[in-house]
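A short worksheet on the structure shown next.
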Amino acid sequence: MAEISKSDSGSVSDPVLSQRWIMLSVMLGTGTVSLNNSSFNPAIPQLMQDFQIAEAAVSWVVVIFLLTMSLSLLLTGFLSQRFGQRRVYLSALSIFMLSSICAVFTSGFETVLAIRGLQGFSSGLMIPLSLGIIFSVTPKQQRGAATGLWGAMIMLTLACGPMLGALILVWFSWQALFLLNVPLALLALVIGWLYLPKQSVTQSLKFDWFGFALLAVSIVSLLLGLSSIKQLADFSQFLFWWLFGLSGLSGFGFVWFSRKKTSTIIAWPLFQSREFNYSLIISIVHTVGLFISLLLIPLLVQNTLQLSPIWTGLLLMSSALTTSLCSKRAGKYLDQHGAKQLIAFGLLLTAIAFVGLGLAASLSVILLILCMIIHGLGFGLSYMPATTAGLNHLDNPQLVTQGAAVNNLFRRLCSAVAVVMAALYLQMRTQHFLSNHELPIAQLHAIRELFFFCAGMTLLALPYAWKFPHLKLHV
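Counting in the working numbering, the final residue of the sequence shown is number 497, and the numbers go up one at a time with none missing.
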């Protein structure tokens, strides 16, 4: 464990107590980001009304956050080595808090987009740095429990955010949603200032501007191209194929020019760890399944079953709360017994949940809630433990922050592509079934197929779980 003293953290305290305060700081910081995103979604219809904008324009509230977050994820490794995790984390948290305060006084949509861009940029730094800080102050045999607790905080805020956001919108304007961030962020900032340890920095480290430019162009072009797809006919647009081609060419150029460099935006030694690669595959599969579910559940509940949006919230909340409740126990099991059986069992439960959602789609909302609880249990037993197990196998501590950033980047990009493809598949299959069924039934058949696809995709990741060592790693 890193030794904490007055000289490196600004406060004299027992190392174990300091570790707890550090955990509290990063949990509050990342919890603030999670709460901000989940509570802000209900405000999108209100933004459309207040600013008199259409769906395409308001979607930039989400797109700009994802764009800036993706770019800052690329910078996390370099900034943490050049300036230290403590300084970068506290700076990012300060930017997030100050931008939230400024948002309360906004009167134009362009300002809202600028603030969301700042929030996305700071979030992209904070999330991987949080894991890097946790790993730097926690012994290897306790990291599962620590990251499980961290993950529980994120899932708890994800579960409560939409309902809390909706209640605030009933009594106040959408600007008040940004005030939710300020108390938590301020508390995390004060605790972090007092207890976060300083690390050694590399003053002579050079930034790979060429690699960053290539990868940034690739990511931005891909996300902009995806944001232009609203229906199948959009694939024939010149703009989409131009952006898609630019993304592929830039990505290939990055790999070609940086594969032999010793200092790059993405550290290639990451992928020399088989366990990190296994964890990356499992994390991507889990996140893709989760985002497709977030697309399908509202359609199933509100369009097909003709139920209130409250039931959508209950379904999503039941999964997130279950994940939050079991994350810490899963982390402790990981520390004591290793990743193999735990992750395999979690993936199996997740696949069963997707099959159940497909089969129970037209039967009972209670059965759907049961399936979502099983999904939350499977997610909690395998997602964060897989990420922790993969990062645990990175020998160089500097690679942990980079590994967490790469994990976040790949998950989000793959999920963005998957959601667009799932939406188009849903549209095509619904049109196909309309020849023999009414719209709700046609959409139900298409939704079922996508749930079964998620189940099959999850099962394909199962062999990677069995490749992890059975027993825990010793320091």
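Even glycine gets a Cβ: it sits at the ideal position worked out from N, Cα and C.
Exercise. Residue 384 by DSSP, collapsed to three states: which one?
Worked result: By 1-based counting over the sequence shown, the position of residue 384 is 362. If DSSP states are grouped into helix, strand and coil, residue 384 belongs with coil.
Problem set entry | Distance between residue 359 and residue 403 (C-alpha atoms, nearest Å) | Residue 403 sits at position 381 when you count from the first residue of the sequence shown. Residue 359 sits at position 337 when you count from the first residue of the sequence shown. Cα to Cα, residue 403 sits roughly 13 Å from residue 359.
Exercise. Considering only the beta carbon of each residue, do residue 165 and residue 87 sit closer than 8 Å?
Worked result: Here residue 165 is taken as the residue at index 143 of the sequence shown, counted from 1. Here residue 87 is taken as the residue at index 65 of the sequence shown, counted from 1. Taking 8 Å as the Cβ cut-off, residue 165 and residue 87 do not qualify as a contacting pair.
Exercise. Just the Cα atoms here: how many angstroms apart are residue 96 and residue 351?
Worked result: To locate residue 96, count along the sequence shown from 1; it is residue 74. To locate residue 351, count along the sequence shown from 1; it is residue 329. For residue 96 and residue 351, the distance between alpha carbons rounds to 32 Å.
Exercise. Going by the beta-carbon positions, is the gap between residue 111 and residue 155 smaller than 8 Å?
Worked result: Taking the sequence shown and counting its residues from 1, one reaches residue 111 at position 89. Taking the sequence shown and counting its residues from 1, one reaches residue 155 at position 133. A contact, by the Cβ cut-off of 8 Å.
For this session: For the stretch 316 to 326 and the stretch 368 to 378, state whether three or more C-beta atom pairs, one from each stretch, are separated by less than 8 Å.
Result: no
For this session: Look at the alpha carbon of residue 184 and the alpha carbon of residue 119, and state the distance between them as a whole number of angstroms.
Result: For the purposes of this step, residue 184 is taken as the residue at position 162 of the sequence shown. For the purposes of this step, residue 119 is taken as the residue at position 97 of the sequence shown. If I take the Cα positions, the gap works out to 20 Å.
Exercise. In whole angstroms, what is the alpha-carbon distance linking residue 148 and residue 340?
Worked result: Position 126 of the sequence shown, counted from the start, is the residue given in the question as residue 148. Position 318 of the sequence shown, counted from the start, is the residue given in the question as residue 340. For residue 148 and residue 340, the distance between alpha carbons rounds to 27 Å.
Exercise. Are there three or more Cβ pairs, one per stretch, closer than 8 Å when the stretch 220 to 234 is compared with the stretch 243 to 259?
Worked result: no
Exercise. Are the CB atoms of residue 92 and residue 347 nearer to each other than 8 Å?
Worked result: On the sequence shown, residue 92 is found 70 positions in, with the first residue counted as 1. On the sequence shown, residue 347 is found 325 positions in, with the first residue counted as 1. No.
Exercise. Less than 8 Å separating the beta-carbons of residue 46 and residue 423?
Worked result: Numbered from 1 along the sequence shown, position 24 holds the residue referred to as residue 46. Numbered from 1 along the sequence shown, position 401 holds the residue referred to as residue 423. It is not a contact, given that the beta carbons lie outside the stated cut-off.
Exercise. In whole angstroms, what separates the C-alpha of residue 450 from that of residue 444?
Worked result: Position 428 of the sequence shown, counting from 1, holds the residue named residue 450. Position 422 of the sequence shown, counting from 1, holds the residue named residue 444. When rounded, the distance between both Cα atoms is 10 Å.
Problem set entry | Candidates 344, 315, 349 and 345, of which the one nearest residue 334 by Cα | Looking up residue 334 in the sequence shown gives position 312. Residue 334 has its Cα closest to that of 315, out of 344, 315, 349 and 345.
For this session: Given a cut-off of 8 Å, decide if residue 135 and residue 196 are closer than it, judged by their beta-carbon atoms.
Result: Working through the sequence shown from its first residue, we reach residue 196 at position 174. Working through the sequence shown from its first residue, we reach residue 135 at position 113. Not closer than 8 Å, so no.
For this session: Classify residue 297 as buried or exposed, calling it buried when 16 or more other Cβ atoms lie within 10 Å of its own Cβ.
Result: The sequence position of residue 297 within the sequence shown is 275, counting from 1. Counting Cβ neighbours within 10 Å, residue 297 comes out buried, since at least 16 surround it.
Exercise. For the alpha helix (DSSP H) that residue 297 lies in, which residues bound it at each end?
Worked result: The residue you call residue 297 lines up with position 275 of the sequence shown. Segment 296 to 320, the alpha helix (DSSP H) holding residue 297.
Problem set entry | Same chain only: Cβ atoms within 6 Å of residue 60, ignoring 5 sequence neighbours per side | Numbered from its first residue, the sequence shown carries residue 60 at position 38. Excluding positions up to five away in sequence, the list reads 180, 183 and 184.
For this session: For residue 407, count neighbouring C-beta atoms within 10 Å of its own C-beta (all shown protein chains included) and say buried if the count is 16 or more, exposed if not.
Result: Taking the sequence shown and counting its residues from 1, one reaches residue 407 at position 385. Label assigned to residue 407: buried.
Exercise. Do you know offhand how far residue 410's Cα is from residue 393's?
Worked result: Counted from its first residue, the sequence shown places residue 410 at position 388. Counted from its first residue, the sequence shown places residue 393 at position 371. Cα to Cα, the separation comes out at about 26 Å.
Exercise. So is residue 26 buried or exposed if we call it buried at 16+ other beta carbons inside 10 Å?
Worked result: Residue numbering aside, residue 26 sits at position 4 when the sequence shown is read from its first letter. Because residue 26 carries a pLDDT of 40, less than 50, the predicted location of this residue cannot be relied on, and the following value inherits that uncertainty. Its Cβ being crowded by 16 or more others within 10 Å, residue 26 is buried.
Exercise. Around the C-beta of residue 281, are 16 or more other C-beta atoms found within 10 angstroms, so that it is buried, or is it exposed?
Worked result: Indexing the sequence shown from 1 puts residue 281 at position 259. Exposed is the label assigned to residue 281, since fewer than 16 other Cβ atoms lie within 10 Å of its Cβ.
Exercise. Can the beta-carbon of residue 143 be found less than 8 Å from the beta-carbon of residue 90?
Worked result: The residue you call residue 143 lines up with position 121 of the sequence shown. The residue you call residue 90 lines up with position 68 of the sequence shown. Result yes, Cβ atoms of residue 143 and residue 90 sit closer than 8 Å.
Exercise. Is it true that the CB of residue 117 sits closer than 8 Å to the CB of residue 435?
Worked result: Residue 435 sits at position 413 when you count from the first residue of the sequence shown. Residue 117 sits at position 95 when you count from the first residue of the sequence shown. No, the Cβ-Cβ distance between residue 435 and residue 117 is not below 8 Å.
Problem set entry | Contacting residues, own chain, Cβ-Cβ under 7 Å from residue 490 (five flanking each side not counted) | Position 468 of the sequence shown, counting from 1, holds the residue named residue 490. For residue 490, where only same-chain residues beyond five positions count, the Cβ hits under 7 Å are 297, 300, 360, 361, 362, 365 and 411.
Exercise. Ends of the alpha helix (DSSP H) at residue 116?
Worked result: Position 94 of the sequence shown, counted from the start, is the residue given in the question as residue 116. Counting along the chain, the alpha helix (DSSP H) containing residue 116 begins and ends at 107 to 125.
Exercise. Among 463, 312 and 428, which one has its Cα closest to the Cα of residue 437?
Worked result: To locate residue 437, count along the sequence shown from 1; it is residue 415. Closest by alpha carbon: 312.
For this session: Pull up the distance between the alpha-carbon of residue 168 and that of residue 356, whole angstroms please.
Result: Against the sequence shown, residue 168 aligns to sequence position 146. Against the sequence shown, residue 356 aligns to sequence position 334. Whole-angstrom Cα-Cα distance: 11 Å.
Problem set entry | Sequence-distant residues of the same chain with beta carbon closer than 8 Å to residue 274, five excluded per side | Against the sequence shown, residue 274 aligns to sequence position 252. Nothing listed; no residue qualifies.
For this session: Apply the 10 Å Cβ neighbour rule to residue 194 and answer buried if 16 or more other Cβ atoms are within range, or exposed otherwise.
Result: On the sequence shown, residue 194 is found 172 positions in, with the first residue counted as 1. That one is exposed.
For this session: State the start and end residues of the unbroken alpha helix (DSSP H) segment that holds residue 464.
Result: By one-based count along the sequence shown, residue 464 stands at place 442. Here the alpha helix (DSSP H) through residue 464 covers 461 to 482.
Exercise. Using DSSP with H/G/I as helix, E/B as strand and the rest coil, what is residue 415?
Worked result: Here residue 415 is taken as the residue at index 393 of the sequence shown, counted from 1. DSSP, read as helix, strand or coil, puts residue 415 in coil.
For this session: Report the three-state DSSP secondary structure of residue 163 (helix, strand or coil).
Result: Taking the first residue of the sequence shown as 1, we reach residue 163 at position 141. Looking at residue 163 - three-state DSSP - the assignment turns out to be helix.
For this session: Compute the distance between the beta-carbons of residue 302 and residue 487, then report whether it is under 8 Å.
Result: In the sequence shown, counting from the first residue as 1, residue 302 sits at position 280. In the sequence shown, counting from the first residue as 1, residue 487 sits at position 465. Taking 8 Å as the Cβ cut-off, residue 302 and residue 487 do not qualify as a contacting pair.
Problem set entry | Contacts around residue 292, its chain only, beta-carbon distance under 8 Å, and the 5 residues preceding and following it disregarded | The residue labelled residue 292 in the question sits at position 270 within the sequence shown. Closer than 8 Å at Cβ, skipping near neighbours: 298, 416, 421, 424, 425 and 428.
Problem set entry | 6 Å CB neighbourhood of residue 468 in its chain, flanking five on each side removed | Along the sequence shown, read from residue 1 onward, the residue named residue 468 stands at position 446. Around residue 468: 448, 451 and 452.
Exercise. Alpha helix (DSSP H) containing residue 278: first to last residue?
Worked result: Here residue 278 is taken as the residue at index 256 of the sequence shown, counted from 1. Where residue 278 is concerned, the enclosing alpha helix (DSSP H) starts and stops at 260 to 280.
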